[in-house]
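When we follow the UniProt record's numbering, the leftmost residue of the sequence shown carries the number 1, and every step to the right adds one. All C-beta atoms in this analysis are idealised placements derived from N, C-alpha and C, irrespective of residue type, glycine included. These numbers come from a predicted model, not from an experiment.
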Amino acid sequence: MTHGRLGRMTIAVCPGSFDPVTSGHIDVIERCAHLFEQVHVVVAINANKRPMFSARQRVEMIRTVLHDDGYENILVDSTEGLITDYCAKVGAKVIVKGLRQNGDYEAELGMALVNKQLGGVETMFLPANPLKEHISSTIVKDVARHGGDVTGLVPRSVAPLLIEALKNEKR
Numbered sequence: 001m002t003h004g005r006l007g008r009m010t011i012a013v014c015p016g017s018f019d020p021v022t023s024g025h026i027d028v029i030e031r032c033a034h035l036f037e038q039v040h041v042v043v044a045i046n047a048n049k050r051p052m053f054s055a056r057q058r059v060e061m062i063r064t065v066l067h068d069d070g071y072e073n074i075l076v077d078s079t080e081g082l083i084t085d086y087c088a089k090v091g092a093k094v095i096v097k098g099l100r101q102n103g104d105y106e107a108e109l110g111m112a113l114v115n116k117q118l119g120g121v122e123t124m125f126l127p128a129n130p131l132k133e134h135i136s137s138t139i140v141k142d143v144a145r146h147g148g149d150v151t152g153l154v155p156r157s158v159a160p161l162l163i164e165a166l167k168n169e170k171r
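Below, the structure written as structure tokens:
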């Protein structure tokens, strides 16, 4: 199946830190899988951040969740470089970003304009599911750190990994 002009395959990139991947992230990724022939979920490695999970762990977390859900048109990878360089490498012409109602648009718009200038890559904003728009990795970690129940905030396979990471964090 091909889409777009000249019969090219439509490849999208969904970048993020995914530390950890949340139910909100998975919702956006799965919705993208219905819109594009191939979706690359890319764990962006930011040297200025101290993530709870390594890039490898985050990639494996996402792969496990998506494999369990049966999505075969989604690839999971990581990059330390510019997302536009990753897009060029895989032939992606669009970056998909989920937006919540907490000011995401203002933050993401600047990045979208830079990505267009640097790599000619368009950004598509996908509104968050209203039932999941309150979920962020930061909130999930805060709830878990304080002993709260993260059921529904993260995929089932992620919750035990989060609990284990918090135990290791306290050591």
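Inset, instruction - Give the straight-line distance between the Cα atoms of residue 73 and residue 149, rounded to the nearest whole angstrom. - result: 32 angstroms
Legend entry - Alpha-carbon to alpha-carbon, residue 27 and residue 100: 12 angstroms
Inset, instruction - List in chain order: all unbroken alpha helix (DSSP H) runs of 4+ residues lying wholly within the region 1-86. - result: 23-35, 55-69
Legend entry - Contact set for residue 163: own chain, Cβ-Cβ below 8 angstroms, skip 5 residues either direction: 144
Inset, instruction - Within 10 angstroms of the Cβ of residue 131, are there 16 or more other Cβ atoms? Answer buried if so, exposed if not. - result: exposed
Inset, instruction - Starting from residue 95, follow its DSSP beta bridges and name the residues at the other end. - result: 13, 123
Inset, instruction - Taking all protein chains shown into account, decide if residue 47 is buried (16 or more other Cβ within 10 angstroms of its Cβ) or exposed. - result: exposed
Inset, instruction - Whole angstroms is fine: what's the gap from residue 38's alpha carbon to residue 15's? - result: 14 angstroms
Legend entry - Rounded separation between residue 103 and residue 127 - CA only: 12 angstroms
Inset, instruction - Determine the burial state of residue 107: buried for a count of at least 16 other Cβ atoms within 10 Å of its Cβ, exposed for fewer. - result: exposed
Legend entry - Validate contact between the region 57-68 and the region 29-44 using beta carbons, cut 8 angstroms, 3 pairs: yes
Inset, instruction - Take the Cβ of residue 153 as the centre, count every other Cβ of all protein chains shown within 10 Å, and call the residue buried at 16 or more, exposed below. - result: buried
Inset, instruction - Throw me the rounded Cβ distance for the residue 44 and residue 23 pair, which I believe falls under 8 angstroms. - result: Actually they do not touch by this definition, with Cβ atoms about 20 angstroms apart.
Inset, instruction - Go ahead and pull the three-state DSSP assignment for residue 158. - result: coil
Inset, instruction - Tell me whether residue 137 is buried or exposed, calling it buried when 16 or more other Cβ atoms sit within 10 Å of its Cβ. - result: buried
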